[in-house]
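Visitor: Respectively, the protein sequence lines represent chains A and B.
Per my numbering, the first sequence starts with residue 187, numbered consecutively.
Per my numbering, the second sequence starts with residue 187, numbered consecutively.
Beta carbons: idealized from backbone N, C-alpha and C, even for Gly.
Only a predicted model underlies this, so the values are computations on that prediction, with no experimental measurement involved.
Number of protein chains: 2
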Amino acid sequence: MRLTQHDATAPTGMRNNYVVMRPQNLSVGVLPVHDDGSVTLVGQQRFGLMNYSWEMPEGGAPYDEDPIDGVKRELAEEAGLAASHWREALKIELSNSITDQRAMAWVAWGLSAMPIAPDPTEIIRVTRVPFGDLMREIARGSVRDMFTVATTLRAYHMAHQGELPPCLAKAMLASVR
Amino acid sequence: MRLTQHDATAPTGMRNNYVVMRPQNLSVGVLPVHDDGSVTLVGQQRFGLMNYSWEMPEGGAPYDEDPIDGVKRELAEEAGLAASHWREALKIELSNSITDQRAMAWVAWGLSAMPIAPDPTEIIRVTRVPFGDLMREIARGSVRDMFTVATTLRAYHMAHQGELPPCLAKAMLASVR
Numbered sequence: 187m188r189l190t191q192h193d194a195t196a197p198t199g200m201r202n203n204y205v206v207m208r209p210q211n212l213s214v215g216v217l218p219v220h221d222d223g224s225v226t227l228v229g230q231q232r233f234g235l236m237n238y239s240w241e242m243p244e245g246g247a248p249y250d251e252d253p254i255d256g257v258k259r260e261l262a263e264e265a266g267l268a269a270s271h272w273r274e275a276l277k278i279e280l281s282n283s284i285t286d287q288r289a290m291a292w293v294a295w296g297l298s299a300m301p302i303a304p305d306p307t308e309i310i311r312v313t314r315v316p317f318g319d320l321m322r323e324i325a326r327g328s329v330r331d332m333f334t335v336a337t338t339l340r341a342y343h344m345a346h347q348g349e350l351p352p353c354l355a356k357a358m359l360a361s362v363r
Numbered sequence: 187m188r189l190t191q192h193d194a195t196a197p198t199g200m201r202n203n204y205v206v207m208r209p210q211n212l213s214v215g216v217l218p219v220h221d222d223g224s225v226t227l228v229g230q231q232r233f234g235l236m237n238y239s240w241e242m243p244e245g246g247a248p249y250d251e252d253p254i255d256g257v258k259r260e261l262a263e264e265a266g267l268a269a270s271h272w273r274e275a276l277k278i279e280l281s282n283s284i285t286d287q288r289a290m291a292w293v294a295w296g297l298s299a300m301p302i303a304p305d306p307t308e309i310i311r312v313t314r315v316p317f318g319d320l321m322r323e324i325a326r327g328s329v330r331d332m333f334t335v336a337t338t339l340r341a342y343h344m345a346h347q348g349e350l351p352p353c354l355a356k357a358m359l360a361s362v363r
């Protein structure tokens, strides 16, 4: 991670000093949806907030890596899954007033088990819950990772709007409410 | 903004060095929805990403301020609006691997004009678009601020789930698709 500092003229015409965090990678994440409409989540301790967080598989893809390769790696390493179908869900900016970090997220389906090669620096738990349970936990504020929240809500929108296979969308939405 | 560094034992039992960004405020944001289902957005140049960004009114509320007072101030300063009804939409964490920053977002309605006292360090444009247009620009990746994206998608969910007044929800959803 780099921090850069810039003396610049703001749109107001005033001089201003800008500091930008430059994480040197693209954030990538995927919501893996099983044929029955359930989703796989991963849980881990987050140091900064001193709490436990349930999230979609996500991580960083270096700028010289194809983002889809990066997200496939995260899905395998964190959730032990491979997916036959990928659909882009979001292209977003994480926190545009302090960092240049961009993010891409996908919804993936056609899931199959992959042997996990766990990262020895992390302890990650894996669980599988109905899509509607995840939506309810977001509404309640207990799933709080913003990238996971945005992607899950976009998946809900995609399911409603015909952007996912009808059977999959039906299975996802059946568990909402 | 503070950066703190910590020598700690990770859940794996290994020693680890953690750096945490501590912005010293809560991020607050609001999607202001007019009776006809349109929403007010604000646009500004973002230095870090060198682009122009359309967003909901958002900003920081110091920890010693009531968050609802902070978000009311942002709505007035950035959009020139006051709202008679507020409904909490999200409680989230912005980027839990590098910062302790939390965020709260609301959907607000019953809007009326407030005289704007513009911040002299910012040039902000204000626009009003149908809710469905905002949803489409998110799906296309042209509205990219993650906090705005997550809150808008949650507002879509709230409109579908009966968490907003029926007339307002109907007006919002009429413009989707």
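Could you tell me which whole beta strand (DSSP E) segments of length 3 or greater appear in the stretch 259 to 302 of chain B?
Guide: Counting whole runs of 3 or more residues, the stretch 259 to 302 of chain B contains the beta strand (DSSP E) stretches 267 to 279, 288 to 299.
Visitor: Closer than 9 Å, CB to CB, is F233 (chain B) near chain A or not?
Guide: It does: the Cβ of F233 (chain B) has a partner Cβ on chain A nearer than 9 Å.
Visitor: Consult DSSP for A196 (chain B) and reduce its assignment to one of helix, strand or coil.
Guide: DSSP places A196 (chain B) in coil when its eight states are reduced to three.
Visitor: Please list the partners that K277 (chain A) has in chain B, where partner means a Cβ-to-Cβ separation under 7 Å.
Guide: Those are G327, R330, listed as they occur along chain B.
Visitor: Who are M207 (chain A)'s beta bridge partners in DSSP?
Guide: DSSP, once it has assigned bridges, lists A:L189, A:T285 as partnering M207 (chain A).
Visitor: How would you call M290 (chain B), buried or exposed, if buried means at least 16 neighbouring beta carbons within 10 angstroms?
Guide: It is buried - the Cβ of M290 (chain B) has at least 16 other Cβ atoms within 10 Å.
Visitor: Taking 6 Å as the limit between beta carbons, can you name the residues of its chain near V362 (chain B), skipping five residues before and five after?
Guide: So the list reads G318, M321, once near-sequence residues are dropped.
Visitor: Using three-state DSSP, classify G223 (chain A) as helix, strand or coil.
Guide: If DSSP states are grouped into helix, strand and coil, G223 (chain A) belongs with coil.
Visitor: Apart from the five residues just before and just after V312 (chain A), which ones in its own chain have a Cβ nearer than 7 Å to its Cβ?
Guide: The answer, listed in chain order, is T226, V228, A265, G266.
Visitor: Can you name the residues of chain A whose CB is closer than 8 Å to the CB of A194 (chain B)?
Guide: Simply F233.
Visitor: To which residues of the same chain is A196 (chain A) closer than 8 Å at the C-beta, ignoring the five residues directly before and after it?
Guide: Counting only Cβ-Cβ distances below 8 Å, and skipping sequence neighbours, we find N202.
Visitor: Against D286 (chain A), what residues of chain B qualify as contacts under a CB-to-CB distance less than 7 Å, listed in chain order?
Guide: Neighbours of D286 (chain A) on chain B, chain order: G234, L235.
Visitor: Do G215 (chain A) and P248 (chain A) have their C-beta atoms closer together than 9 Å?
Guide: No.
Visitor: Could you tell me which chain B residues have their CB closer than 7 Å to the CB of P197 (chain A), listed as they occur along the chain?
Guide: Correct list: Q231, I309.
Visitor: Is L212 (chain B) closer than 9 Å to R288 (chain B) when the C-beta atoms are compared?
Guide: Their beta carbons are under 9 Å apart, which means R288 (chain B) touches L212 (chain B) by this criterion.
Visitor: Rounded to a whole number of angstroms, what is the C-alpha to C-alpha distance between D193 (chain B) and A345 (chain B)?
Guide: So the alpha carbons of these two residues sit roughly 46 Å apart.
Visitor: Taking N282 (chain B) as the query, report the chain A residues whose CB atoms sit under 7 Å from its CB, ordered along the chain.
Guide: By Cβ distance, chain A contributes R232, G234, L235, S239, D331.
Visitor: Cα separation between V257 (chain A) and G245 (chain A)?
Guide: Those two C-alpha atoms are separated by around 7 Å.
Visitor: Please classify E323 (chain B): does DSSP put it in a helix, a strand, or coil?
Guide: Correct three-state label for E323 (chain B): helix.
Visitor: Tell me whether S239 (chain B) is buried or exposed, calling it buried when 16 or more other Cβ atoms sit within 10 Å of its Cβ.
Guide: Counting Cβ neighbours within 10 Å, S239 (chain B) comes out buried, since at least 16 surround it.
Visitor: Output yes or no for whether 9 Å exceeds the beta carbon distance between A336 (chain A) and L276 (chain A).
Guide: Against a cut-off of 9 Å, the Cβ pair of L276 (chain A) and A336 (chain A) comes out as a contact.
Visitor: Following the continuous alpha helix (DSSP H) through Y342 (chain B), name the residue where it begins and the one where it ends.
Guide: 332 to 346 is the span of the alpha helix (DSSP H), which, as asked, contains Y342 (chain B).
Visitor: Does chain B have any CB closer than 9 Å to the CB of R259 (chain A)?
Guide: Closer than 9 Å: no.
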